[in-house]
Amino acid sequence: MFPLKMVLTFHAVLLFVKKWDCMLASNMMDMWLMELARFKHSHREIKPLDVFIIAAKADKVHAAEHVVLRYKRGPVTRPIGWHWSILPEDKDFEPLNLEVSAWEDIPVPYLEGLQAPSSEYAERSIKGVQGWSRWG
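For the sequence shown, the working numbering assigns the number 1 to the initial residue and increments by one for each residue that follows.
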């Protein structure tokens, strides 16, 4: 299915760029992730949850934060495909609205940050994730 391939390819490229420390390519991927986050629900192949999980797995803190801060509920539409999970578009971007399969793929510090973004617990628990202003 094309969307699956698009999401998986984007994720694989990000991991490759991170592994080989390609700064220019890494910055370009950050910009693409931010642009995908801006599309919100209008992009047919890549949805906000896909962008968030890709960013979290590649440790792109600002892109993950951008998805959460710009997320707004949208009309319920039938997805044409997915890789990790589906976040119903009429639900808020919160861990309780995610399927278990998404929980399994999101790194723990990012899940904790979503669950309690303003608490001291979240701030203490994400020492490995620097720069997310929701926790600052």
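All C-beta atoms, glycine included, are put in the ideal place defined by N, C-alpha and C. Since we're looking at a predicted model, the values are computed, not measured.
Quick check on DSSP: helix, strand or coil for I137?
Limits of the chain in this structure are 1 at one end and 136 at the other, which puts residue 137 out of reach.
Beta-carbon spacing of F10, P48 below 8 Å:
no
Drop a sphere of 10 angstroms on the beta-carbon of E104, count the other beta-carbons inside from all chains shown, and report buried for 16 or more, exposed for fewer.
Only exposed fits E104, as fewer than 16 other CB atoms lie within 10 angstroms of its CB.
Report yes if the C-beta distance between E89 and R70 is below 8 Å; otherwise report no.
When the beta-carbon positions are compared, E89 and R70 stay at least 8 Å from each other.
Assign K19 to one of two classes, buried (16 or more other C-beta atoms within 10 Å of its C-beta) or exposed (fewer than that).
exposed
For L14, which of helix, strand or coil comes out of DSSP?
Reduced to three states, the DSSP call for L14 is helix.
Quick check: the Cα distance between S125 and K5, rounded to an integer number of angstroms?
Reliability fails at S125, whose pLDDT of 44 lies under 50, so the model's placement of it is uncertain and no value is given.
Provide the residue span of the alpha helix (DSSP H) that contains W32, from first to last.
For W32, the enclosing alpha helix (DSSP H) starts and ends at M23 to F39.
Alpha carbon to alpha carbon, how far is K91 from V61? Give it in angstroms, no decimals.
22 Å
Candidates L36, K57, L87 and V68: closest to I106 by CA position
Checking every option, the nearest Cα to that of I106 belongs to K57.
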